[in-house]
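Engineer: Residue numbers (UniProt numbering): 1 to 141.
Got a structure for you, written out below as structure tokens; questions coming shortly.
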């Protein structure tokens with residue numbers, strides 16, 4: 001497949017969906033590895049094999065931005081889900097990734113204190129995913 005030079009361009013819809021799918025497929029790995037730089041590199045390599053030239057840093061930043069946009073859409077009081085989808089086109093996609101398995105509730109994610117750094121955000125998400133995998137109910141730190 002032709003490798004599209006995408007390093008300076010906006011993310012295409014198909015490319016963004018592939019990133020979300022790959023990240024979802026690697027949830028367990030992200031939940032058990034403390035230093036996840038190697039995982040972002042692995043994810044980036046998979047994107048590259050699919051024809052999208054993105055670095056591990058770009059993938060990590062895009063994921064972080066997707067989660068931020070999701071949280072912003074979710075926090076809009078008084079909006080129905082259709083309006084949230086209109087505000088953030090990947091709303092349903094991210095929601096499905098975050099609440100797919102039992103034990104993790106959307107309210108537990110949204111009620112958690114807002115992380116003040118990317119590291120904290122990844123820690124919160126990893127804890128919720130790990131609890132989901134272990135079958136224990138989510139707890140806040």
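Positions of the beta carbon are idealized from the N, C-alpha and C atoms, including for glycine.
Quick one, which of 57, 88, 60 has its alpha-carbon nearest residue 204's?
Structural biologist: Since the displayed the chain opens at 1 and closes at 141, residue 204 lies outside it and no answer follows.
Engineer: Under 7 angstroms, do residue 142 and residue 22 count as touching if we go by C-beta distance?
Structural biologist: Examination of residue 142 is not possible in this model, given that the chain is present from 1 through 141 alone.
Engineer: Check whether the region 23-40 and the region 53-71 are in contact - that is, three or more C-beta pairs closer than 8 angstroms.
Structural biologist: Flag = yes, the region 23-40 and the region 53-71 touch.
Engineer: Could you give the first and the last residue of the continuous alpha helix (DSSP H) run that contains residue 93?
Structural biologist: Within the chain shown, numbered from 1, the residue matching residue 93 stands at position 93. Here the alpha helix (DSSP H) through residue 93 covers 91-98.
Engineer: My guess is that residue 90 and residue 84 are in contact by the Cβ rule of under 8 angstroms, so how many angstroms apart are they, rounded?
Structural biologist: In the chain shown, the residue the question calls residue 90 occupies position 90. In the chain shown, the residue the question calls residue 84 occupies position 84. Contact doesn't hold; Cβ gap of about 11 angstroms is too wide.
Engineer: Pull up the CB-CB distance for residue 20 and residue 70, whole angstroms please, since I reckon it's below 8 angstroms.
Structural biologist: Taking the chain shown and counting its residues from 1, the one referred to as residue 20 is at position 20. Taking the chain shown and counting its residues from 1, the one referred to as residue 70 is at position 70. Not quite, the Cβ-Cβ distance comes to about 10 angstroms (not below 8 angstroms), so this is no contact.
Engineer: Quick one: give me the first and last residue of the alpha helix (DSSP H) that residue 29 is part of.
Structural biologist: For the purposes of this step, residue 29 is identified with residue 29 of the chain shown, where counting begins at 1. Looking at the DSSP string, the run of the alpha helix (DSSP H) that includes residue 29 is 27-32.
Engineer: Candidates 24, 15, 82: which alpha carbon is nearest residue 49's?
Structural biologist: Numbered from its first residue, the chain shown carries residue 49 at position 49. Checked all of 24, 15, 82; the closest Cα to residue 49 is 15.
Engineer: Give the single residue among 95, 62, 26, 34 whose Cα lies nearest to the Cα of residue 73.
Structural biologist: As a position in the chain shown, residue 73 is number 73, starting the count at 1. Taking only the C-alpha atoms, the option nearest residue 73 is 95.
Engineer: State the CB to CB distance for the pair residue 11 and residue 62, rounded to an integer number of angstroms; the pair is presumed to be in contact (CB under 8 angstroms).
Structural biologist: Against the chain shown, residue 11 aligns to sequence position 11. Against the chain shown, residue 62 aligns to sequence position 62. Right, their Cβ atoms sit about 6 angstroms apart.
Engineer: Under a Cβ-count criterion, where at least 16 other Cβ atoms within 10 Å of its own Cβ denotes burial, should residue 25 be classed as buried or exposed?
Structural biologist: Start at 1 with the first residue of the chain shown, and residue 25 comes out as number 25. That one is exposed.
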